[in-house]
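According to our numbering, the sequence shown holds residues 4 to 271 in order.
All residues carry an ideal CB built from backbone N, CA and C; glycine is no exception.
Quick notes on the structure that follows.
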Amino acid sequence: MGLLDGKVALIFGVANKNSIAWGVTKAFADAGATICLNYGGEPLKRRVEPLAAEVNCSVLEECDVQKDDHLDNIFQQVQAKHGKLDILVHSVAFARREDLGGRFIDISREGFAQSMDISAYSLVAMAKRAEPLMTAGGSIMSMTYYAAEKVIPDYNAMAVCKAALEIMTKYLAADMGFKGIRVNAISAGPIKTLAAAGIPGFRDLLRHFDMVAPLRNSVTPEEVGQAALFLASDMAKMITGEIMHVDAGYNVLGMTAPREELKPKDEA
Ligand code: NAP
């Protein structure tokens, strides 16, 4: 018996096999959930279709999260096919290249508005449409990053989006709790994905993380998927409004030890 038997999950943000959303999708499918997915636009459909087939995806719809009619359509498709929704995963982010890197002070008004709309507001837009389908309660989660808490070089516009996403998680949790709907966020350590490739110096950041994170390991989409499975399941039924770090412990560090004092994992 799977942890998510009988549950319907709608997951936004599978771009390819490296996507965090794909790690989540596989974990949910293995646990017995029925999977519904979006894709960003026609050219991306071909990339997502074979992955959708691997998990017997029941609804696969184009959905640009900036478009209300796209959002209306995908939730209507879920309603028509299943009559309910139990789990919603927001794993979507975008910022223009020029708003990542360089000086923070140079973020443009247009770039800021666009990245906030796609990466943060879309969570509210989804939650509003999910609520009437979550008649037996539900679990909503999004993906955030440590740059929301502390300054990480070059995250600039995306850091502000993540800070918004984290406080929105708490407001939504307070707003939707009386319906038995839980809202949480996973703060994942850095993972090499398409979105991460847009951050200048990401490779150095990943190397630094591997060297200093208490568990001395990079995080994988599969490991984020397991944490998401916990949050989606009844094992987390009293957890809401939480920002759960899945980052090999990196966030607890106030200062990193000088390089020569760091022990690799296998010398511990
Ligand atoms: P990813 O595979 O590139 O996923 C990002 C997704 O966002 C893609 O599926 C992309 O779709 C989608 N997206 C962007 N703009 C969209 C729009 N307007 N409408 C619909 N979808 C849109 O990268 P990822 O790293 O897995 O990112 C997933 C989430 O995890 C993001 O919120 C990211 O900030 C967060 N996160 C990532 C890391 C990391 O180090 N990788 C760490 C912590 C948190 P298209 O490709 O179709 O545009």
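Going by C-alpha positions, ASP237 is about 8 Å away from LEU6. Here the region 98 to 112 does not lie against the region 16 to 33, with fewer than 3 beta-carbon pairs under 8 Å apart. ALA34 sits in coil when the DSSP states are folded into three classes, being neither helix nor strand. In the assembly as shown, GLU113 is an exposed residue. Its beta-carbon has fewer than 16 other beta-carbons within 10 Å. Closest in C-alpha terms to PHE181, from the list ALA83, MET137 and MET171, comes MET137. Remark: C-beta atoms of GLY141 and ASP89 approach each other more closely than 8 Å. In its chain, beyond the 5 residues on either side, PHE233 have a beta carbon closer than 6 Å to the beta carbon of ALA239.
When the Cα atoms are used, TYR124 and GLU264 turn out to be separated by approximately 43 Å. Per the coordinates, the alpha-carbon of PHE97 lies some 8 Å from the alpha-carbon of GLN117.
Annotation: SER111 is outside any beta strand (DSSP E) and is labelled neither H nor E by DSSP.
Between the region 57 to 70 and the region 41 to 49 there are three or more inter-stretch CB-CB distances shorter than 8 Å, so the stretches are counted as touching. Residue state for THR172 is assigned as helix, using DSSP reduced to three classes. DSSP assignment within the region 35 to 87 yields the following whole alpha helix (DSSP H) runs of 4 residues or more, N-terminal first: 45 to 57 and 71 to 85.
Per the DSSP secondary-structure output, HIS93 pairs in a beta bridge with PHE15 and SER145. At least one heavy atom of the ligand NAP lies closer than 7 Å to the C-beta of PHE97.
Between the alpha carbons of SER190 and HIS248 lies a gap of roughly 5 Å.
If you look at MET247, you'll find it in the beta strand (DSSP E) that goes 246 to 249. Between ALA166 and ILE155, the CB-CB gap reaches or exceeds 8 Å. Measuring C-alpha to C-alpha distances from VAL11 to each of THR37, ALA32, ALA30 and PRO53 identifies THR37 as the nearest.
Note on geometry: alpha-carbon atoms of ALA128 and GLY183 lie some 19 Å from one another. Inclusion of PRO193 in the 7 Å shell around the ligand NAP follows from its C-beta lying nearer than that to a non-hydrogen atom of the ligand. Taking 7 Å as the cut-off, the C-beta of LEU47 counts as close to a heavy atom of the ligand NAP. Remark: C-beta atoms of VAL95 and ILE143 do not approach each other more closely than 8 Å. By the C-beta density criterion, ASP250 is buried, having at least 16 other C-beta atoms within 10 angstroms. Within the same chain, ILE23, GLY26, VAL27, ILE189, ALA191 and VAL249 come within 7 Å of VAL227 by CB-CB distance, once the 5 residues on both sides are set aside.
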